[in-house]
Amino acid sequence: MNAAVVLFPGSNREGDVASAIKRISGKTANIVWHADSELPSGTDLVVLPGGFSYGDYLRCGAIAARAPIMNAVRAHAERGGLVLGICNGFQILCEAQLLPGVLQRNAKLRFMCKEVYLRVERSDTPYTRRYNAGDVLKIPVAHGEGNYTADKETIERLEGDGRVLFRYVSPEGKTDAAWNYNGATNAIAGILSEKLNVLGLMPHPENHVDPAIGPTDGRGLFESIKSVLEAA
Amino acid sequence: MKARVTVTLKNGVLDPQGKAIEGALKSLGIEGVESVRQGKVFEIELADGDKAKAEAALKAAADKLLANTVIENYRVEVLS
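Those protein sequence lines, which keep their order, are chains G and B.
Under the working numbering, the first residue of the first sequence carries the number -2, and numbering increases by one thereafter.
Under the working numbering, the first residue of the second sequence carries the number 51, and numbering increases by one thereafter.
In structure tokens, the structure reads:
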């Protein structure tokens, strides 16, 4: 796994995700500066980490989505390369139109920092092959703007094509408005691009990989990526 | 040359901030408020030149950055 973690001014989870990548793949991720125009050669995974790029000015992720490095990230995605956007990274992917839709202010206007339950909707993707469809994961979230919204046609297309990868659910794995903390349409927590190589999700799997800290439900995502890239 | 770009949420897009402001206005006793939608205004100073070109540039600015056209509409005005 040759990962590049893009650092924007105001990113703050780049260390967490680099540490998770190191723990699971044994390889050190390159931290790539937003103003660079190229990814390190051989990069096979690009991560846009969480945080508050540009202080969330204008709209969350809006300015980062227009940073010079994003042209290289777009080209990598177009070649079929893996791009993972977590939290602010998901917002950036939507603003960059690498994923459809938009992340709006949480329905109850509150910043949420807690553990949530996610259901894995399918296991035949580069990000979830080490999980089973229907698995319920306990993963932390920390965001004020994670309320996924898109027009009706887009939602229908995402659902119809099986591009909703993670959903907020109850501990038993049932969709229920009470467990859809941020009010996201159809309780969507993470979506894939058409070719399934770009994933954006609001929760932070990189924070649940170390048994010394607590649950390790996030490991499967990085183990999946590792197994896909090592098989390639 | 002064210009203004106004960005507003499309109809039907949930606006929790507008809702909160609406509630606050009502609790202040301001009468007759039926609903509030929050938007953004950008005041932009442009180099003097052709008005039509300025409008085209502002439109490009709004499409590329100032508005997220998935959920927002915008209006461009060249003021002077």
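By construction, the Cβ of each residue, glycine as well, lies at the ideal position given by its N, Cα and C atoms.
Every value quoted in this text rests on a predicted model; they were computed, and no experiment measured them.
Under the three-state DSSP convention, the category residue i falls into
i: residue 51 (chain G); result: helix
i: residue 146 (chain G); result: strand
i: residue 101 (chain G); result: strand
i: residue 202 (chain G); result: helix
i: residue 52 (chain B); result: strand
i: residue 63 (chain B); result: coil
i: residue 61 (chain G); result: helix
i: residue 19 (chain G); result: helix
i: residue 24 (chain G); result: coil
i: residue 90 (chain G); result: helix
i: residue 211 (chain G); result: coil
i: residue 197 (chain G); result: strand
With 16 other Cβ atoms within 10 Å as the buried cut-off, status of residue i
i: residue 214 (chain G); result: buried
i: residue 94 (chain G); result: exposed
i: residue 46 (chain G); result: buried
i: residue 49 (chain G); result: buried
i: residue 21 (chain G); result: buried
Of the listed residues the options, nearest to residue i (C-alpha basis)
i: residue 136 (chain G); options: G:153, G:45, G:83, G:222; result: G:83
i: residue 65 (chain B); options: G:104, G:149, G:193, G:53; result: G:104
i: residue 149 (chain G); options: G:204, G:55, G:182; result: G:182
i: residue 206 (chain G); options: G:153, G:159, G:19; result: G:19
i: residue 119 (chain G); options: G:164, G:102, G:-2; result: G:164
i: residue 57 (chain G); options: G:115, G:128, G:140; result: G:140
For residue i, the first and last residue of its enclosing beta strand (DSSP E)
i: residue 3 (chain G); result: 0 to 4
i: residue 124 (chain B); result: 122 to 128
i: residue 116 (chain G); result: 109 to 117
i: residue 45 (chain G); result: 42 to 45
Start-to-end residues for the alpha helix (DSSP H) that takes in residue i
i: residue 84 (chain G); result: Premise fails: residue 84 (chain G) is in no alpha helix (DSSP H) and is neither H nor E.
i: residue 226 (chain G); result: 216 to 228
i: residue 71 (chain G); result: 66 to 75
Next item on the list: Counting only runs of 3+ residues fully inside the segment 70 to 119 of chain B, write out the beta strand (DSSP E) ranges in chain order.
Entry: Here the runs fully enclosed are 90 to 95.
Check: Curious, which full-length alpha helix (DSSP H) runs of at least 4 residues does the segment 141 to 192 of chain G contain?
Finding: The qualifying runs are 149 to 157.
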